[in-house]
Amino acid sequence: MFDRDVWQEIFNTLKTNKLRTFLTGFSVGWAIFILVMLLASVNGMQNGFTGQFNDDATNSIFIRPGTTSEAYGGFEAGRRIQFKNDDIEYIKKSFPDEIEYISGRYFASATARYKAETGSYSIQATHPDHQAIEKTLITEGRYVNEADVINKAKVAVIGRKVAEDLFQKEDPLGQFVTLNNLPFRVIGIFTDDGDDNAERRIYAPISTYQQIYGNTNNVNSISLTYNPNFDLTEALEFSNKLEILMKRRHKIAPEDQAGIGVWNYAEAFDNISSFTAVLNGVAIAVTFLILIAGIVGIGNIMVFTIKERTKEIGVRKALGARPSQIVNLVILESIFITAISGFVGLIFAWVILALVGPNFQTDAFRDPSVELSTVIIATIILIVAGVLAGLIPAMKAANVKPIVALSDK
Amino acid sequence: MIEIKDLHKSYKMGSNSLHVLKGINFKVEEGELVAIMGSSGSGKSTLLNILGMLDGADSGEYILDGVPIKNLSETKAAQYRNKFLGFIFQSFNLINYKSAAENVALPLYYQKVPRKERQEKALKYLERVGLKPWAEHLPSEMSGGQKQRVAIARAMAAEPKVLLADEPTGALDSKTSYEVMDLIQKINDDGNTILVVTHEEDIAHMCKRIVHLKDGVIVEDKKIEQVRAEQYV
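Note that the protein sequences, when read in sequence, are chains H and G. Position 91 of the first sequence, counted from 1, bears residue number 296 in my numbering, the numbering being contiguous throughout. Position 108 of the second sequence, counted from 1, bears residue number 98 in my numbering, the numbering being contiguous throughout.
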């Protein structure tokens, strides 16, 4: 294969057919260019997705109670499940090593008023850990802390939008905002990369709201993060264990999907990975279809070349070239053309992506780039394409009779 | 060296069948220099094709250096050609983008001789045909006579049992023809077996034996007094 004689021959044929080689090589280069652009786009989408999900801790799990759909453990179907503070303690105790942060959530909505300004906002009453789980960014002041929860303090952490709406140019910190006519002291302001709506939210200590709404221990949902070192399998295993445990505790049939909802971000990631894998597959398939034009082109040019070189091939055979040696030569030449033109397309796409890529920074699409895997895939496709393109011409060449060497035409 | 018994060959031309060789019998001993003569259509080219394993016979026997040549696969035929035969063509058939030395080394390449050894041998045979200084030249830079001498060096490089020359002087003027024949005679003097297909009387008489073909049969097979080409050079 790495024989000087072989390469000399390949270069000679390419040299004598420069334009033809260029034109057919172009179609292959173009196909690879498209492949790389498509794969980079998929990559950009993947980055976009990942970026969006990164807003929340990616190792988080949300548990919501529901209504049972099956009779179980002596209870009828249709029973509403209610989480209490005990549930949080129970989970903490059951998974002391797995749990990183855990917080209950109590949902409410409130009409907020400061001086003449009013607005309607959703309230999330939480434990202090909630900040880490939601990755809430405090820009001023602080988040809800343990003391607030113990004292059932009437304090509020307001979103940037809330601050803008109600306080206009005033500094909200330390001011009192009334939520449904109860005064809450503003202790912090937060922002959220995720979206503006999240900034129209108000956080308060969970115990405060449990007291306001009937002095209960009720919790609307539980969020937690697990050991960030877990891989996907471990994460899914953990959320399964958690689900089983919670279902047992609340006497819900193990297969009842409605009784309790455990929402693991890892699963979403799993889905995204398989989604982008499908997209990658589609990109490769599309490219291969485009490549067929190039394969036919190269096959065509080589059938031509071999026709022109019939006599030379005949002479070689008369001198003792075996058919397999001739076939190898042709296939190698074909792979060479496809590989060179393909890599030109690859480099071209890479340069364009490097220049244009950084300008694409939207939520759903960012940092489209060529990865090593793309290069490897492209190389494999090119070699396969080269072999396919060389197949028919090689057979033609192998069928050349050495007798043509003797005929003087 | 070569033994042919009752060789028949016919070609299908549409519905007709053209009987080209109608029972050829002849023997060539080692070291002979045989001219095969005949007008066009006499079957001499077909005979050479069969001798060169470029074509198969319909019936009859062909034994080359004790090896029966029959029903060869392409690969086997290629191997035998490489091992047993050296070809000299009328139109030289050098590969135009290879230097003289590379052309001579080509049969050795197909014998998988290592590169260095190939080059040494190629130079040795170029020296023998008097073209060592031209080793790095391309065929396009040489005269017809020089090209044919390169082709002869190429035919000899693989050290074959038999050299087959198909109208080796057909494309050359008479002076260069004699030069080439002089070379062929000298190679024969060293003990090589050579078959020359020609239709030129003077060339045929520079061989040691003339086989005359007419309408697919041997009409005359005689040993002759060799005319040395040297005197004309």
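For each residue, glycine too, the CB sits at the ideal point set by N, CA and C.
Applying the 10 Å Cβ sphere with the 16-neighbour rule, what's the burial state of residue i?
i	result
Gln221 (chain G)	exposed
Asn386 (chain H)	exposed
Lys614 (chain H)	For Lys614 (chain H), the pLDDT reaches just 49, beneath the cut-off of 50, and the residue's location in the model is therefore unreliable, although a value from the coordinates is still provided. Lys614 (chain H) comes out exposed.
Asn83 (chain G)	buried
Lys522 (chain H)	buried
Phe155 (chain H)	Nothing about residue 155 (chain H) can be read from this structure; chain H reaches only from 206 to 614.
Tyr470 (chain H)	buried
Ala559 (chain H)	exposed
Lys137 (chain G)	buried
Gly547 (chain H)	buried
Val247 (chain H)	buried
Met27 (chain G)	buried
Lys452 (chain H)	buried
Leu496 (chain H)	buried
Asp397 (chain H)	buried
Ser5 (chain G)	exposed
Give me the Cα-Cα distance between residue i and residue j, rounded to the nearest whole angstrom.
i	j	result
Leu153 (chain G)	Glu215 (chain G)	21 Å
Arg139 (chain G)	Arg527 (chain H)	25 Å
Gly283 (chain H)	Ala276 (chain H)	8 Å
Asp334 (chain H)	Ser412 (chain H)	14 Å
Thr584 (chain H)	Asp208 (chain H)	22 Å
Ile(-8) (chain G)	Val18 (chain G)	5 Å
Lys73 (chain G)	Glu191 (chain G)	31 Å
Glu22 (chain G)	Val233 (chain H)	57 Å
Ala245 (chain H)	Pro573 (chain H)	5 Å
Leu384 (chain H)	Leu484 (chain H)	48 Å
Gly591 (chain H)	Tyr87 (chain G)	25 Å
Val549 (chain H)	Ile581 (chain H)	15 Å
Ile239 (chain H)	Glu281 (chain H)	59 Å
Lys512 (chain H)	Ile597 (chain H)	12 Å
Asn217 (chain H)	Thr510 (chain H)	11 Å
Glu107 (chain G)	Ile215 (chain H)	23 Å
For residue i, I'd like the list of residues in its chain whose CB is within less than 7 Å of its CB, leaving aside the five on either flank, ordered along the chain.
i	result
Lys122 (chain G)	Leu113, Leu116
Pro410 (chain H)	Ala330, Val349, Asp353, Val354, Lys357, Ala358, Val360
Val94 (chain G)	Ala112, Tyr115, Leu116, Val140, Ala143, Arg144, Ala147
I'd like to check one pair, residue j with residue i: are the Cβ atoms closer than 8 Å?
i	j	result
Thr543 (chain H)	Ile489 (chain H)	no
Ile500 (chain H)	Leu429 (chain H)	no
Ser327 (chain H)	Ser308 (chain H)	no
Leu11 (chain G)	Leu37 (chain G)	yes
Phe79 (chain G)	Asp163 (chain G)	no
Val187 (chain G)	Ile174 (chain G)	no
Asn423 (chain H)	Gln287 (chain H)	yes
Ala47 (chain G)	Leu(-3) (chain G)	yes
Ile304 (chain H)	Tyr414 (chain H)	no
Thr579 (chain H)	Ala236 (chain H)	no
Val211 (chain H)	Ala554 (chain H)	no
Ala91 (chain G)	Glu131 (chain G)	no
Asp205 (chain G)	Ser30 (chain G)	no
Leu378 (chain H)	Glu322 (chain H)	no
In terms of residue numbering, what span does the beta strand (DSSP E) encompassing residue i cover?
i	result
Leu153 (chain G)	152 to 156
Phe548 (chain H)	First-last for Phe548 (chain H): 528 to 561, but that is the alpha helix (DSSP H), not the beta strand (DSSP E).
Arg144 (chain G)	From DSSP, Arg144 (chain G) is part of no beta strand (DSSP E) but of the alpha helix (DSSP H) over 134 to 147.
Met3 (chain G)	-8 to 3
Who are the near neighbours of residue i in its chain, counting only those whose CB is closer than 6 Å to its CB and skipping five residues on each side?
i	result
Glu448 (chain H)	Val467
Asn61 (chain G)	none
Asp45 (chain G)	Asn39
Val223 (chain G)	Tyr168, Glu169, Asp172
Gly56 (chain G)	none
Pro150 (chain G)	Phe74, Leu75, Gly76
Glu51 (chain G)	Lys(-5)
Can you list, in chain order, the residues of its chain with a C-beta nearer than 8 Å to that of residue i? Leave out the 5 residues immediately preceding and following it.
i	result
Ile531 (chain H)	Ile518, Arg521, Lys522, Ala599, Ala602, Ala603, Val605
Phe395 (chain H)	Thr341, Leu342, Ile343, Thr344, Tyr348, Val362, Ile363, Gly364, Arg365, Glu404, Tyr408
Arg454 (chain H)	Asp292, Tyr295
Ile588 (chain H)	Ile540, Thr543, Ala544
Between residue i and the ligand NAP, is there a pair consisting of the residue's CB and a ligand heavy atom that are separated by less than 7 Å?
i	result
Val140 (chain G)	Ligands in the displayed structure: none, and consequently the ligand NAP is not present.
Taking only beta-carbon atoms, is residue i less than 8 Å away from chain C?
i	result
Ala68 (chain G)	Any reference to chain C falls outside this structure, whose protein chains are H and G.
Just to confirm the assignment, what range does the alpha helix (DSSP H) spanning residue i have?
i	result
Arg218 (chain G)	Here Arg218 (chain G) belongs to no alpha helix (DSSP H), and DSSP marks it neither H nor E.
Gln109 (chain G)	105 to 118
Pro598 (chain H)	577 to 603
Met171 (chain G)	164 to 179
His335 (chain H)	335 to 339
Tyr100 (chain G)	90 to 100
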